[in-house]
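Taking it in order: structure first as C-alpha cells, then the write-up.
There are 2 protein chains.
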Amino acid sequence: MVVSEETQPTVEGDAAISKKAAKKAAKAAEKQQKKTEHKAASGQQPTEAPESDCSEGRYGIRKLIQSSGEYCDRVYTDVVDLGVTLDGQDVWVRARLHTSRAKGKQCFAVLRQNSSTVQLLVSVSEERNVSKQMVKFVGSITKESIVDVKGRVVKTSSPVESCSVREVELVAEEVWQVSAARAQLPLQIEDASRPEKNDDPEALKIRVNQDTRLDNRILDLRTPANQAIFRVEAGVCRLFRDILTRKGFVEIHTPKIISAASEGGANVFTVSYFKSSAYLAQSPQLYKQMAIAADFDKVFTVGAVFRAEDSNTHRHLTEFVGLDLEMAFKNHYHEVVDTIADTFTEIFRGLQEQYAREIAVVGQQFRVEPFKFLEPPLRLEFPQAIQMLKEAGVTVGEEDDLSTPDEKLLGRLVKAKYDTDFYILDKYPLAVRPFYTMPDPNNPRVSNSYDMFMRGEEILSGAQRIHDPDFLAQRALHHGIDISKIAAYIESFRLGCPPHAGGGIGLERVVMLYLGLDNIRKTSLFPRDPKRVTP
Amino acid sequence: MVVSEETQPTVEGDAAISKKAAKKAAKAAEKQQKKTEHKAASGQQPTEAPESDCSEGRYGIRKLIQSSGEYCDRVYTDVVDLGVTLDGQDVWVRARLHTSRAKGKQCFAVLRQNSSTVQLLVSVSEERNVSKQMVKFVGSITKESIVDVKGRVVKTSSPVESCSVREVELVAEEVWQVSAARAQLPLQIEDASRPEKNDDPEALKIRVNQDTRLDNRILDLRTPANQAIFRVEAGVCRLFRDILTRKGFVEIHTPKIISAASEGGANVFTVSYFKSSAYLAQSPQLYKQMAIAADFDKVFTVGAVFRAEDSNTHRHLTEFVGLDLEMAFKNHYHEVVDTIADTFTEIFRGLQEQYAREIAVVGQQFRVEPFKFLEPPLRLEFPQAIQMLKEAGVTVGEEDDLSTPDEKLLGRLVKAKYDTDFYILDKYPLAVRPFYTMPDPNNPRVSNSYDMFMRGEEILSGAQRIHDPDFLAQRALHHGIDISKIAAYIESFRLGCPPHAGGGIGLERVVMLYLGLDNIRKTSLFPRDPKRVTP
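Those protein sequence lines, which keep their order, are chains A and B. UniProt numbering puts the first sequence at residues 1 to 535. UniProt numbering puts the second sequence at residues 1 to 535.
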C-alpha cells in the first residue's frame, strides 16, 4: 500500500495528443525492446569502436543506470568545485554537454552543472589513449545530454571567459553518454539565457518568446537566471516561515476543497465531489480566522490559492502560492501591521544577505534596479496618497479605490520622495473593502485596512476583521449579501473570538517585484492562467 | 487592488442553510444596529450597575475593540508567565473563561490561554472595590467567552491542582467581557479534553464523539491535546524542510490544477476550468521529476494532494498534505533511500528534543507508547518480510503486495524482533508497482522501490523512476497503458535526465502514527473525506 503514489502518475500534456506522437512512442517502445535485448547480449560496448580504436572502453553510451551496483564507489566532483587546488588530478564529473565544437583532432566542449560551467578538451593523444573515433563520438553527442567525464584538471594559461570555472579546464580521458537529449531542441539554452538588458546595438537580438519557453519549461528552467529565480523564491518562503515561527506563529494547513462559495460563486472553480459539487478555496481566510477563534493566537499558512478570474495580465495567475497570516491582537490592529512590516524588512534583509549571488545572476539577464527599503518601512495613510496623486495632477475620489495605473504612479512618487520600493498604505475607504473589514471607530467612511506595495504594485492586502457576529451580520446586510449563505461564517464568532487582523501575500508577485521582473509567469515554476494548464 | 482578498471570503457551511438561521442572523443584525447606536450614546457603561455599585467602571461588557486607540499602552501578561516572581503585583490578563462557580459573595473561575490555566477569585471586598453586583456579573459570563481581567497575583497556600499555574492565583480587581460565547455550547471543552486512556472504572465516561467534534471544530481544537497535536504537526513540517534544505534540496511549488488525468481519470477530481475541464493533482510526482530534468538536482515540496477515492477508513483523506521529495543520484538509488532514512531519523530526534512538552500533553489524553526508532533505521528486503510473515503463519505470494492487515502484523513482528516503530521495506515485486518504477537489473521480477512504515502503517512510498524514454514507453505498453495519453510525460525524458528517485509522505499519517493516535481526522485541522467537506 502506498500513500501518495498508489495511483499511476498524473500525466500532463494536451488531452488530445496527436496520433503521430502515440505512434512514435509505440515505435520507440518497440525499438527499446530490441535495444534492451541487444544490450543484454553485448554488454556495455561503445556504439562505435572499430578494432583499431585505442580508446575502446573509454567512451560510448553508458548502460542505463539501474542501480546494478557497478561503480558504486566512484566519486564525482561538482563543476563548481573545480579549481587550481585540483590541478593535475583526475576527477569524474557528471554534467550536461552545454556546447561542443569538433575541429579535426580536437573537440572543445563546455560542461554545465546547474549554473556552473567548465571547458572540456577532447584531443587525439596516444599518451592519454584518446582516438579520433573518441573525439568524433564526443562531437556527435547532442547538446543537453548528460555525460560522465573522467578528466584531468589542468590550469589554463589564460582565464576561460566563457565559463564560470575560469582557472582550469578538463582534459578528457573517458566520456560516456548517460542520458541523451534529442537532436532538435525546441529552444536553445544560450538563446534563452541571453541578456535582455543589452544596450549594445551590435548584440544578438535572438530571443525566445514566452510561450515557447513555457511550452518547453523543462529546458527553459535550465537557464542560470531561472535556476536563480526559483532559489530566491524558495528563500522568500523559508524566510517568511522562519521569521514568523520565531515570532511565535504556528504553521497550519487549510483545506483547498470547500463546500460553499460565497457571493454566488464568482471567480471560483467548481469541483465535482463524488455525487455532489464543491469549490476550490480562493483564500485561506476563513480557516485562518477559525484557527484564531480556536486559540492558536498567531498562525500562518503557505499553500495554493485559486482564482477563476479571466484576467490575462502580467500579474494574474489562476493558481498561485499564498503566504497568509492571521494574528490576534490586544489593543490595536497596528500591532499586526507592525509585525507584517517587520517580517518584510527581515525578508528583504535576508535576501540581500543570503541570496546576493542569485540576485546577481538574475541581474546578468534582466535589468534589475536593486530593491530599496526603509527600516522601519514607510507607512502612509490613504488621504496622503490621494494628496500626492492630486499634486501630480491625478484626481482620485476620497472613497474610490486606486486603479492599477494610479498605484504604479504612486509607487514612482513614493520612490522619488522617500527612496523606498516598499511601503504600506493604511486606512482604506470602507466602501472599497469587503464586508468583514472593521470600520474605523473614529471615522465611519474609513476602515482598519491596509495594502502593501513593492515597486508600485500591490503584494499584500489585509485588515482588522470584524470579530463580533452581530456587527458582522449588520455589515453583510449593508453590502446586500444574502445572510443565509454566510450564516456558518457569522455563527463561528458566537464561540468567543479575540480581535484579530491579518493579510495575504502573493508569493510569485513578491519574487517578481523584488527582482524587478516584468511578468509573473517568470516566477511560477509551471504557471497557470486562463489559457494555460500545461505542462 | 488586492492580491488574495479581492473577493469576498469563501464562506463555509451547508450550501442550503436553513431559513431559520438566515432569519436569526438578520434579526441579530438589526439588534446590533440598535446596540451600536445605543453604545454610541452611552459610551462604555457596564450593562448592570445600579448607582450604589462600588465597582462601577470596573466590570461589564467592554466596547467592541475597534482599534480606537484606547488603552493602547496597556500591557498584558500571558497566563503561562504567572508565577511567584509576580506575587503581589497587579497584572492585566486576556483569556477565556474556562469555568466559573459563583457561590454567595465569591466566584471561583478558571482562566485559560491556549493550554495554560490559572485560578481567578472574585470576592466581594470594600478594599478592592468589588461589589456583589460585580461578582454576580462574573458569574453570569458564559464559558469560553474572552475576558480582560485586572488582578493581583497572590501566592496560594497550597498548589492549585486543577490549573497549570499552581503557585499563584489571580484576585480580581476588574473584569471585562471582550467577546461573548453563546450560552449553549455544542460541546464542553472539559468533556472533549477528558483522558481516553483512563483505566479507573470510577472515571467519568463522558466522551464527545468524532462527528460532534469535527462539526464544531473551532471548539474541539481548543483542547490541550489538539493545541499540542497541531504544534507537533507544524514541527514535522519545519523539521522536514530544514533538514532537506541543509542537505541542499530546493523547495518548489507544483501546480494543483493539471490538464490531463492519466489512467482514464480514476480517483481524480474534475474541475471546471473556464470553458473546459481540468483535474486536481493526485501527487506532485511528474512535476518533481520535471524539476529534476530541469537541473534542480534535489527538490522537495509541501502541499495539498487530492484523491477522489471513496475510502471511509481511519487513515484515508480526500485532501491531505504531501511532503514530497525527489533527488538525482549518481550510482544507486540507495543514495536516495539513505537520504530519506536520515531525514526521518532527524525528524524523530527533533520531535523528541523540541516537542517533549507537546507530546506529553497529548499523552495526558491519549494512551501513547513512546515512538521507538533505530539509528540508522532498519532496512528489510521484501522477501525477508514474506519470510517473517510465513513464520508467523501467514502466506503471502512473493509477487503480491501486502494487505493492510499483513502490514500491521509485520509491524508487530518487526517491533518484537528489532524494537523499532520505524523501518524501511525495500525491493518490492515489480508487478505491484506503477509502470514508471525502475526494474531491478539483477532480477526482472523485482523493482528498485520501497515503502516506509511507522507503527506498522505505510507513510511513504517511493522508487527509482525510469529516466529513459524508450524503456518507459516499453514498460507502459507492458502495463497496457494507452501511450498516447502519456506521450508528453515520456517525451519529457528526451531532453536529457539524470537517474533519480524520490518518495511521497503523508503528513497527517506521520503525525497520527508518531503520536500513536487512532484516526487521521485527529491530525487534519479541517479534515476532508468522502462525506465531509465542512467546516
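Beta carbons: idealized from backbone N, C-alpha and C, even for Gly. Values in this document were obtained by computation on a predicted structure and should not be read as measured data.
Given Ala183 (chain A) as reference, the closest of A:Val394, A:Thr142, A:Glu173 and A:Pro499 once Cα atoms are compared: Here residue 183 (chain A) refers to the residue found at position 183 of the first sequence. Nearest of A:Val394, A:Thr142, A:Glu173 and A:Pro499 to Ala183 (chain A), Cα basis: A:Thr142.
Cβ-Cβ separation, Cys72 (chain B) to His332 (chain A) (assumed contact under 8 Å), whole Å: Along the first sequence, one-based indexing puts residue 332 (chain A) at 332. Along the second sequence, one-based indexing puts residue 72 (chain B) at 72. About 5 Å separates the beta carbon of His332 (chain A) from that of Cys72 (chain B), a gap short enough to meet the 8 Å contact definition.
Pro439 (chain A) - partner residues in DSSP beta bridges: The residue labelled residue 439 (chain A) in the question sits at position 439 within the first sequence. Its beta-bridge partners are A:Ser447.
With 16 other Cβ atoms within 10 Å as the buried cut-off, status of Gln44 (chain B): Here residue 44 (chain B) refers to the residue found at position 44 of the second sequence. Any reading at Gln44 (chain B) needs caution, since the residue's pLDDT is 48, under 50, leaving its predicted position unreliable; the model's value is listed next. It counts as exposed.
CA-to-CA distance, Asp310 (chain B) to Leu317 (chain B), given in whole angstroms: What you label residue 317 (chain B) is simply residue 317 of the second sequence in a count that begins at 1. What you label residue 310 (chain B) is simply residue 310 of the second sequence in a count that begins at 1. Distance between the alpha carbons of Leu317 (chain B) and Asp310 (chain B): 9 Å.
Of the residues A:Ala228, A:Ile218 and A:Tyr273, the one placed nearest Leu286 (chain B), counting alpha carbons only: Position 286 of the second sequence, counted from the first residue, corresponds to residue 286 (chain B). Distance check between Leu286 (chain B) and each of A:Ala228, A:Ile218 and A:Tyr273 places A:Ile218 closest, using alpha-carbon atoms only.
Minimum C-alpha distance to Tyr279 (chain B) - residue among B:Val138, B:His500, B:Val305 and B:Phe296: Translated into the one-based positions of the second sequence, residue 279 (chain B) becomes position 279. Ranking B:Val138, B:His500, B:Val305 and B:Phe296 by Cα distance to Tyr279 (chain B) puts B:Val305 first.
Leu286 (chain A) in three-state terms, based on DSSP: Here the question's residue 286 (chain A) lines up with position 286 in the first sequence. Here DSSP, grouped into helix, strand and coil, assigns Leu286 (chain A) to helix.
Tyr355 (chain A) (DSSP reduced to helix, strand or coil): Here residue 355 (chain A) refers to the residue found at position 355 of the first sequence. In the displayed model, Tyr355 (chain A) falls within coil according to three-state DSSP, outside both helix and strand.
Neighbour flag for Ser272 (chain B) against chain A, beta carbons, 8 Å: Within the second sequence, numbered from 1, the residue matching residue 272 (chain B) stands at position 272. Between Ser272 (chain B) and chain A, the shortest Cβ-Cβ separation is below 8 Å.
Endpoints, the beta strand (DSSP E) within which Gln119 (chain B) is located: Within the second sequence, residue 119 (chain B) is the residue found at index 119, counting from 1. Note, Gln119 (chain B): beta strand (DSSP E), Ser116 to Ser123.
Sheet register partners of Val147 (chain A) (DSSP bridge): Within the first sequence, residue 147 (chain A) is the residue found at index 147, counting from 1. Answer is A:Ala95 and A:Gln177.
Per-residue DSSP class, three states only, for residue 593 (chain A): Within the shown structure, residues of chain A are numbered from 1 to 535, placing residue 593 (chain A) beyond reach of any answer.
C-beta atoms of Gln119 (chain A) and Phe137 (chain A) nearer than 8 Å: Working through the first sequence from its first residue, we reach residue 119 (chain A) at position 119. Working through the first sequence from its first residue, we reach residue 137 (chain A) at position 137. Cβ distance not < 8 Å, so Gln119 (chain A) and Phe137 (chain A) don't count as in contact.
Other residues of its chain near Ser164 (chain A): CB distance less than 6 Å, five sequence neighbours each side excluded: Within the first sequence, the letter at position 164 stands for residue 164 (chain A). Contacts found: Ser116 and Thr117.
Chain B contact residues for Gly303 (chain A), given Cβ-Cβ distances below 8 Å: By one-based count along the first sequence, residue 303 (chain A) stands at place 303. Below the 8 Å Cβ cutoff, chain B contributes Gly303 and Ala304 as neighbours of Gly303 (chain A), in chain order.
Euclidean distance between Cα positions of Ala501 (chain A) and Ile340 (chain A): Position 501 of the first sequence, counted from the start, is the residue given in the question as residue 501 (chain A). Position 340 of the first sequence, counted from the start, is the residue given in the question as residue 340 (chain A). Across the structure, Ala501 (chain A) and Ile340 (chain A) are spaced so that their CA atoms are roughly 11 Å apart.
Test: Val232 (chain A) CB closer than 8 Å to a CB of chain B: If you number the first sequence from 1, residue 232 (chain A) lands on position 232. Taking Cβ atoms only, chain B never reaches closer than 8 Å to Val232 (chain A), which makes this a no.
Exposure of Asp128 (chain B), with buried meaning 16 or more beta-carbon neighbours within 10 Å: Stepping through the second sequence from its first residue, residue 128 (chain B) is reached at position 128. In the sequence as displayed, the identity of residue 128 (chain B) is Arg instead of Asp. Looking at its Cβ environment, which holds 16 or more other Cβ atoms inside 10 Å, Arg128 (chain B) is buried.
Local conformation of Ser100 (chain B) per DSSP, three classes: To locate residue 100 (chain B), count along the second sequence from 1; it is residue 100. If DSSP states are grouped into helix, strand and coil, Ser100 (chain B) belongs with the strands.
For Met452 (chain A), the residue or residues it bridges with in DSSP: Along the first sequence, one-based indexing puts residue 452 (chain A) at 452. DSSP output for Met452 (chain A) lists A:Ile424 and A:Leu460 as bridge partner(s).
Counterpart residues of Arg152 (chain B) in DSSP-defined beta bridges: The residue you call residue 152 (chain B) lines up with position 152 of the second sequence. Answer is B:Asp90 and B:Val171.
C-alpha gap between Ser68 (chain A) and Glu381 (chain B), whole angstroms: Translated into the one-based positions of the first sequence, residue 68 (chain A) becomes position 68. Translated into the one-based positions of the second sequence, residue 381 (chain B) becomes position 381. Going from the Cα of Ser68 (chain A) to the Cα of Glu381 (chain B) covers about 16 Å.
Below-8 Å beta-carbon distance, Asn312 (chain B) vs any chain A residue: Within the second sequence, the letter at position 312 stands for residue 312 (chain B). Against chain A, the CB of Asn312 (chain B) has no partner CB under 8 Å away; the residue lies outside that interface.
Ser277 (chain B) in three-state terms, based on DSSP: Mapped onto the second sequence, residue 277 (chain B) falls at position 277. In the structure shown, Ser277 (chain B) sits in a strand (DSSP, three-state: E or B).
is_contact[Ser68 (chain A), chain B] using C-beta, thresh 8 Å: Against the first sequence, residue 68 (chain A) aligns to sequence position 68. Yes, contact with chain B.
Chain-order list of residues whose beta-carbon lies under 6 Å from that of Gly350 (chain A) (same chain, five-residue window excluded): On the first sequence, position 350 is the one that residue 350 (chain A) refers to. Listed in chain order, the non-local C-beta contacts of Gly350 (chain A) below 6 Å within the same chain comprise Leu239, local neighbours out to five positions each way being set aside.
Below-8 Å beta-carbon distance, Cys237 (chain A) vs any chain B residue: Indexing the first sequence from 1 puts residue 237 (chain A) at position 237. The Cβ of Cys237 (chain A) sits closer than 8 Å to at least one Cβ of chain B.
Rounded C-alpha distance that separates Pro284 (chain A) from Thr254 (chain A): Residue mapping note: residue 284 (chain A) aligns to position 284 of the first sequence, counting from 1. Residue mapping note: residue 254 (chain A) aligns to position 254 of the first sequence, counting from 1. Distance between the alpha carbons of Pro284 (chain A) and Thr254 (chain A) is about 6 Å.
Other residues of its chain near Gly322 (chain A): CB distance less than 8 Å, five sequence neighbours each side excluded: On the first sequence, position 322 is the one that residue 322 (chain A) refers to. Excluding sequence neighbours, Gly322 (chain A) sits near Ser283, Pro284, Thr301, Val302, Gly303, Ala304, Val305, Gly504, Ile505, Gly506 and Leu507.
Residues that Asn442 (chain A) contacts on chain B, provided the C-beta gap is smaller than 7 Å: Counting from one through the first sequence, the residue named residue 442 (chain A) turns up at place 442. What Asn442 (chain A) touches in chain B: Ser68.
Backbone secondary structure at Thr7 (chain B) - three-state DSSP: As a first step, residue 7 (chain B) must be located in the second sequence, where it is residue number 7. Because the pLDDT of Thr7 (chain B) is 38, which lies under 50, any placement of that residue in the model is unreliable, and the number read from its coordinates should be weighed accordingly. Coil at Thr7 (chain B), not helix or strand.
DSSP three-state assignment for Thr254 (chain A), whether helix, strand or coil: Against the first sequence, residue 254 (chain A) aligns to sequence position 254. It is coil, neither helix nor strand.
Residue-level contact to chain B via CB, Gly43 (chain A), 8 Å cutoff: To locate residue 43 (chain A), count along the first sequence from 1; it is residue 43. In this prediction, Gly43 (chain A) scores a pLDDT of 42, lower than 50, which makes its location untrustworthy; the coordinate-derived value is nonetheless stated afterwards. Residue contact check for Gly43 (chain A) against chain B: no CB pair falls below 8 Å.
CB contact below 8 Å: Lys415 (chain A) versus chain B: By 1-based counting over the first sequence, the position of residue 415 (chain A) is 415. Closer than 8 Å: no.
Cα-Cα separation between Val268 (chain B) and Ile258 (chain B), rounded to whole angstroms: Numbered from 1 along the second sequence, position 268 holds the residue referred to as residue 268 (chain B). Numbered from 1 along the second sequence, position 258 holds the residue referred to as residue 258 (chain B). Rounded to the nearest angstrom, the two C-alpha atoms are 11 Å apart.
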